[in-house]
Structure formats: C-alpha cells, structure tokens
Amino acid sequence: MDSGIDRLKEWIAESNNIVFFGGAGVSTESGIPDFRSVDGLYNQKWKYPPETILSASFFARNPEEYYRFHREKLVIENVQPNRAHKRLAELEAEGKLRAVITQNIDGLHQAAGSKNVLELHGSILRAYCSRCRKPYPAERMNHGEGVPRCDCGGVIRPDIVLYEEPLDQDIMSSALHYIRHADVLIVGGTSLNVYPAAGLIRYYRGTKLALVNLSETPYDGFADLVIHEKIGEVFSQV
Ligand code: OAD
C-alpha cells in the first residue's frame, strides 16, 4: 500500500474528530464531470461560458438558456454514490467524522447516508420561486421543458448559489467552526480555485491536513499530506 495512504489510514484510525471538505472531483467516479479538468464542464463547448450561464444576472436575463444548460449539463441521470461518498458516510456512522462540507450540488453524500452535510453551494435537488420564495419539488425544474414558473408568476429557480450571489452565512459559519476545531481535515476532489469556499481551509489549526486530489492545487504546500490519486480508490483503502 502507498505510504501516503497508510498515513491517512492511521490518522483516521486514531481520530474521532475528522472533517471532510470536498468538491466536484468527489463525484467524477460517479460519472459527473467536474468543472476544471480537461474533460470538465468548463472545457466543453457551449454558447456562453458556463461561469456566465451560472450567474445570477444571466439567470435573470435569460432563464430559457439557463434551463437548457441546467437540464443538459447539471442534471445527470442515474448517478450513484461512489466509494468516497460511502466511506465518508460510514465514518460518520462510526462516530469518527463530524461533518462533510461540500461545494457539490448533486446530493450524493446524503444519498450515501451522510447526515451532517454542509452544502456551501446548495443543491439541484431543491427549488423555490425567485419572487415569493415558495419551495417547489425539483422534478419539473430538472426534467420539464421551458422555464418553470410559480403560481405567482415568478421564475422557479434551483436552490444553488449562482455566481454573483453570496454564500449562506449560517452554513459558512458552521463550516468554519467544524474546520477550526477539526483534528484531521481531509480535503479532496477540489481544485481549491473558487472563493470564498477554498479559503475555508485556512482556518484549520491542526497538523493533520490531508489533500487528496488528482491534480496539483494552490494549497499543496499548505497540506501535511498530499495524495495525487483518485479519491474513490483512496477511500476504499482507509
Ligand atoms: P474543479 O473542477 O475546479 O476541481 C475538481 C478537482 O478534482 C480537480 O483538481 C481534479 O483534478 C480533481 N479530481 C477529479 N476527479 C478526481 C478523482 N476521481 N479523485 C480525486 N480528484 C479528482 O471543481 P471544484 O473545486 O469543486 O461552483 O469547483 C468549485 C466550484 O467551481 C464548484 O462548486 C462550482 C464551480 O464553479 C459553483 O457552481 C458556484
């Protein structure tokens, strides 16, 4: 077994205060492309750059085009949690892992059984009216045609954080609290390029920060252990 993975396994075995912070790379082994890899969402051809489509001003201006992108690119059928999601859920059930903090909007941590999941960027499994805030089932938003509308006439929107929108302050504070007090912090499947989420890991105070990511990140030098391997494979060994 790889020595980095051995070390991570030891840290996990010895701790009951582990926190996980992750991103799109956690779900690629479930068949959901990430954003910034060569085959990621941001490198696919689309009429507008995805960062533009996924912005609040674009959504307000052009909800038709937003929904075309949303249904074609963000909603992926029949995805299942992979070994990383499942092992994290097990670690929580064993009383070892305190929280999963995720930038993902796919709901796969909860599908794997994780209970304490802090969704920094929301979820495409929830929807609400952008005018009166009435909640709606996600079904019609994710699978229907055209722009879904509320009884009040407002546009129904996904409960995700679009570019130009602030993150939920309660979720941010809670994430910060877990990270600040964690014994072991495992960061995985994220390029750590998107703020303010990426900046959260600077609040970690311990000496066991493990970074599990296929490619290098700006925080590799900040971590106590760096593993450049597939996260599902790593979690199947720890
Ligand atoms: P990125 O696409 O920026 O980064 C994903 C990282 O995961 C890359 O560095 C990959 O190398 C790595 N990766 C891919 N598959 C992996 C695997 N099987 N095992 C380990 N690592 C793997 O995605 P995020 O960092 O999540 O925001 O991006 C952050 C935010 O940018 C997203 O939440 C989204 C996006 O714009 C919003 O939509 C607001």
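Going by our numbering, the letters in the sequence shown line up with residues -12 to 225, in that order.
Positions of the beta carbon are idealized from the N, C-alpha and C atoms, including for glycine.
With distances taken Cα to Cα, identify the nearest neighbour of residue i among the options.
{"i": "Ala98", "options": "Cys119, Leu75, Lys83", "result": "Leu75"}
{"i": "Arg120", "options": "Cys139, Gly131, His108, Leu105", "result": "Cys139"}
{"i": "Pro122", "options": "Ser178, Val134, Ala80, Val142", "result": "Val142"}
{"i": "Gly100", "options": "Ser117, Arg113, His108, Glu81", "result": "Glu81"}
{"i": "His130", "options": "Gly186, Ile63, Glu152", "result": "Ile63"}
{"i": "Glu132", "options": "Leu154, Glu51, Ser110, Leu196", "result": "Glu51"}
{"i": "Glu38", "options": "Glu151, Met159, Gly109", "result": "Glu151"}
So, are the CB atoms of residue i and residue j less than 9 Å apart?
{"i": "Pro68", "j": "Leu95", "result": "yes"}
{"i": "Ile(-1)", "j": "Val171", "result": "yes"}
{"i": "Leu107", "j": "Ala184", "result": "yes"}
{"i": "Arg48", "j": "Asn180", "result": "no"}
{"i": "Cys137", "j": "Arg167", "result": "no"}
{"i": "Thr177", "j": "Thr194", "result": "no"}
{"i": "Leu201", "j": "Gly(-9)", "result": "no"}
DSSP three-state call for residue i: helix, strand or coil?
{"i": "Phe240", "result": "With the chain represented from -12 up to 225, any question about residue 240 goes unanswered, as that position is not in the structure."}
{"i": "Arg74", "result": "helix"}
{"i": "Val221", "result": "helix"}
{"i": "Ala169", "result": "coil"}
{"i": "Ala197", "result": "strand"}
{"i": "Tyr53", "result": "helix"}
Below 8 Å on the Cβ atoms is my contact criterion, and I expect residue i with residue j to pass it. Report the Cβ-Cβ distance as a whole number of Å.
{"i": "Asp93", "j": "Val66", "result": "7 Å"}
How about the region 80 to 95 and the region 3 to 10: do they share at least three Cβ pairs that are nearer than 8 Å? Counting Cβ pairs under 8 Å, three or more are found: they touch.
Would the region 64 to 72 and the region 131 to 147 be scored as touching if the rule is three or more Cβ pairs under 8 Å? Counting C-beta pairs with one atom in each stretch, the region 64 to 72 and the region 131 to 147 have fewer than three that are closer than 8 Å, which means they do not touch.
Counting Cβ pairs closer than 8 Å, one from the region 215 to 224 and one from the region 183 to 192, do we hit at least three? Counting C-beta pairs closer than 8 Å gives fewer than three between the region 215 to 224 and the region 183 to 192, which falls short of the contact rule.
Does the pairing of the region 51 to 68 with the region 209 to 217 give three or more beta-carbon distances under 8 Å? Flag = no, the region 51 to 68 and the region 209 to 217 do not touch.
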